[in-house]
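Novice: Attaching a single structure in structure tokens format; questions to follow.
There are 2 protein chains.
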Amino acid sequence: MSQFSEHIRSLREKRKIRQREVAACLKADTAFISKLEKGERQARREQVLLLAELFNVDKEELLSLWLGEKVYDVLKNESAKGGVAKQALKVAENKIDYNNKKKTK
Amino acid sequence: MSQFSEHIRSLREKRKIRQREVAACLKADTAFISKLEKGERQARREQVLLLAELFNVDKEELLSLWLGEKVYDVLKNESAKGGVAKQALKVAENKIDYNNKKKTK
DNA sequence: TGTTGTCTTGTCAAACTATGACAAAAATAC
DNA sequence: GTATTTTTGTCATAGTTTGACAAGACAACA
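Which chain is which? The protein sequence lines are S and P, in order.
For what it's worth, my numbering labels the leading residue of the first sequence as 1, then goes sequentially.
For what it's worth, my numbering labels the leading residue of the second sequence as 106, then goes sequentially.
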């Protein structure tokens, strides 16, 4: 149901790892991993980094996917009708750009 | 500090309304409004709509600004280094587009 | 069929976060 | 000075999320 969760699952399956091993890596139980992989629980930042290490994938890429889901979560109620959600994305983008400009200055 | 909060304040000042009147409209006290206008509290969706009515501005526009802040909140910790935040925006945008496409289908 | 290992689901307390109320201080106006 | 508006600090309450546990489902296979 969520890109992030599906991605995690697919990474695990490609590497033929059991949920119990992922659980050990995150110091959680398999029930939690199962829910992560079905999008019923959200990972926390720290866990995303551990997963990236475990699966040996780029941390920033995994973080982007994870964050993207969180962003979508904020918008999903509005995303139905029209431009509100997309406008909101623009607002956020402008703030990011503005902040980065300030810093390089 | 936040676009939304500054906007609210400026709307109120343009119309020469007191915080007490805004508070009445939202059924809150002035302390709360003060914090809203300084970005120390986040409005809830319902309150945004009330504000749009009170100030007689477009609801969708105000919602976009408000949502944009919420989105930025999710990203602000990452927005420092590099592309993670902007990538996350793209991920979210794709999900929105994908969902809209599904619906019109 | 029974056993073993893996994954899933339901439930819940504890941890965490946010809201909005109140009181008291600060600022502004008169 | 007083009166009014705005700000700040503190806090109980409500609301949400996490992760632990127990029990169930499913698959492989002897």
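The beta-carbon is built from N, C-alpha and C at its ideal position, and this holds for glycine as well.
Keep in mind that this is a model prediction, so the values were computed, not measured.
1) For Val-153(P), report the span of its alpha helix (DSSP H) as first-last.
2) Give a yes or no on whether the minimum CB-CB distance between Glu-61(S) and chain P is below 9 Å.
3) Hey, would you say Val-196(P) sits closer than 9 Å to Tyr-98(S), going by beta carbons?
4) Three-state secondary structure (DSSP) at Gln-108(P)?
5) Could you confirm whether any beta carbon from chain S is found closer than 9 Å to the beta carbon of Ser-169(P)?
6) Beta-carbon of Asn-77(S) versus every beta-carbon of chain P: anything under 9 Å?
7) Looking only at its own chain, which residues have a Cβ that is under 6 Å from the Cβ of Lys-105(S), when we skip the five neighbours before and after it?
8) Roughly how many whole angstroms lie between the Cα atoms of Lys-119(P) and Ala-136(P)?
9) In the structure shown, what three-state DSSP assignment does Lys-121(P) receive?
Specialist: Reading it off the structure:
1) For the purposes of this step, residue 153(P) is taken as the residue at position 48 of the second sequence. Here the alpha helix (DSSP H) through Val-153(P) covers 150-160.
2) Mapped onto the first sequence, residue 61(S) falls at position 61. Glu-61(S) counts as touching chain P.
3) Translated into the one-based positions of the second sequence, residue 196(P) becomes position 91. Translated into the one-based positions of the first sequence, residue 98(S) becomes position 98. Taking the C-beta atoms as reference points, Tyr-98(S) is found no nearer than 9 Å to Val-196(P).
4) Here residue 108(P) refers to the residue found at position 3 of the second sequence. If DSSP states are grouped into helix, strand and coil, Gln-108(P) belongs with the helices.
5) Residue numbering aside, residue 169(P) sits at position 64 when the second sequence is read from its first letter. Output row for Ser-169(P): interface = yes.
6) In the first sequence, residue 77(S) corresponds to position 77, counting from 1. Closer than 9 Å to the CB of Asn-77(S) there is at least one CB belonging to chain P.
7) Mapped onto the first sequence, residue 105(S) falls at position 105. Reliability of the predicted coordinates at Lys-105(S) is poor, the pLDDT of 46 falling under 50, and the value obtained from them is presented with this limitation in mind. Result list for Lys-105(S): empty, nothing under 6 Å.
8) Here residue 119(P) is taken as the residue at index 14 of the second sequence, counted from 1. Here residue 136(P) is taken as the residue at index 31 of the second sequence, counted from 1. C-alpha separation (whole angstroms): 20 Å.
9) Sequence index remark: in the second sequence, residue 121(P) carries index 16 (1-based). Annotated three-state conformation of Lys-121(P) is coil, per DSSP.
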